[in-house]
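With the numbering used here applied, the sequence shown corresponds to residues 7 to 233, in that order.
Virtual Cβ for every residue (Gly too), placed ideally from N, Cα, C.
Reviewing the structure listed below.
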Amino acid sequence: MFVCPPGRIVQVESQEKASVFLILCEEEFINRIHIDMKQLLHLFMAVREHPCLTLSDEEWSDITRSLEEISGEWHRQRRDSLSEEILLTLFRALAYRICRAIDDQLGQRSGDKQAKDTARGRNAFYFNTFIEELSRNYMQERSVGFYAERLHLTPKYLTALLRTTTGRTATEWIDEYVVLEAKNLLKYSTMNIQEIAYYLHFSNQSFFGKYFKQHTGMTPSAYRSIK
7 MFVCPPGRIV QVESQEKASV FLILCEEEFI NRIHIDMKQL LHLFMAVREH
57 PCLTLSDEEW SDITRSLEEI SGEWHRQRRD SLSEEILLTL FRALAYRICR
107 AIDDQLGQRS GDKQAKDTAR GRNAFYFNTF IEELSRNYMQ ERSVGFYAER
157 LHLTPKYLTA LLRTTTGRTA TEWIDEYVVL EAKNLLKYST MNIQEIAYYL
207 HFSNQSFFGK YFKQHTGMTP SAYRSIK
């Protein structure tokens, strides 16, 4: 199985008798199937380093079964609301099965002690530690300095390390977590926008609105109104 991260160009050479099942997903669709990306960002890093996965027989069976269920539901051509919900649920199951396969392989690779002695291994260690700290603290702490101190690094070094390892700065990762949580709360919670702003530790609703629009291109109320 090959997982292609966003922004990567891939050239595939076909072989005789090769069969391919291709799935393309937009970010909007990922949001609709309600996957908690905050829990899966370390898998995103693993895919960037190792996009080709050799599946076990059990993993292959689980994933192909999901693909067959999706294909079957799609070709029934029942374009009603129930069919749409079924498809979203099936895609969500498929996504988590793929993530589980990635996580299993990541666990196998982490057992290689020699990798810890390489620069890549050290960077991966710092990234994973950063993500763990970010997962626990992103709603209260949004300064790079806080996370650098937790990792016993300078803010400048942490930012450079993350940019080299992931293509994103520390600030961009922090904003990613906050925006994802804001989107989830706007879509799936009963809190009003002011309550969400305070829940995410913004000083007021206006500041939260400006922050959200800066990163998404729309106001919180406009995002909440999207079906």
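Separation of residue j from residue i, as counted between CA atoms
i    : j    : result
I92  : Y205 : 32 Å
T222 : A166 : 25 Å
L49  : W66  : 18 Å
G3   : A52  : For the chain, the structure presents residues 7 to 233; residue 3 sits outside this window and is missing.
S231 : M224 : 11 Å
L192 : N134 : 28 Å
Y183 : E139 : 12 Å
T160 : L186 : 26 Å
K189 : C31  : 18 Å
D109 : E33  : 21 Å
I180 : Y163 : 16 Å
Y217 : K23  : 51 Å
T95  : L28  : 19 Å
Y229 : D42  : 18 Å
Coarse secondary structure for residue i, derived from DSSP in three states
i    : result
F208 : coil
F136 : helix
C1   : Residue 1 is absent from the structure shown; the chain starts at 7 and stops at 233.
Q8   : Note on residue identity: the sequence assigns Phe, not Gln, to residue 8. F8: strand per DSSP, three-state reduction.
C105 : helix
A213 : The sequence as given places Phe at residue 213; Ala does not occur at that position. The answer is helix: DSSP assigns F213 an H, G or I state.
R230 : helix
D110 : helix
N129 : helix
T70  : helix
G78  : helix
E19  : coil
Y194 : helix
Exposure of residue i, with buried meaning 16 or more beta-carbon neighbours within 10 Å
i    : result
R148 : buried
A235 : Since the first residue of the chain shown is 7 and the last is 233, residue 235 is not available in this structure.
I202 : buried
A176 : buried
F97  : buried
V150 : buried
Y194 : exposed
F136 : buried
F214 : buried
F8   : exposed
A154 : buried
S72  : buried
F35  : exposed
Kindly confirm or deny that the segment 57-71 and the segment 92-105 touch, where touching means at least three C-beta pairs closer than 8 Å. Output reads yes: the segment 92-105 touches the segment 57-71.
Which runs of the beta strand (DSSP E) spanning at least 3 residues fall entirely within the segment 23-52, listed in chain order? With a minimum length of 3 residues, no continuous beta strand (DSSP E) run stays inside the segment 23-52.
For a minimum of 4 consecutive residues, which ranges assigned as the alpha helix (DSSP H) are wholly contained in the segment 147-176? Counting only runs of 4 or more, we get 150-156, 161-172.
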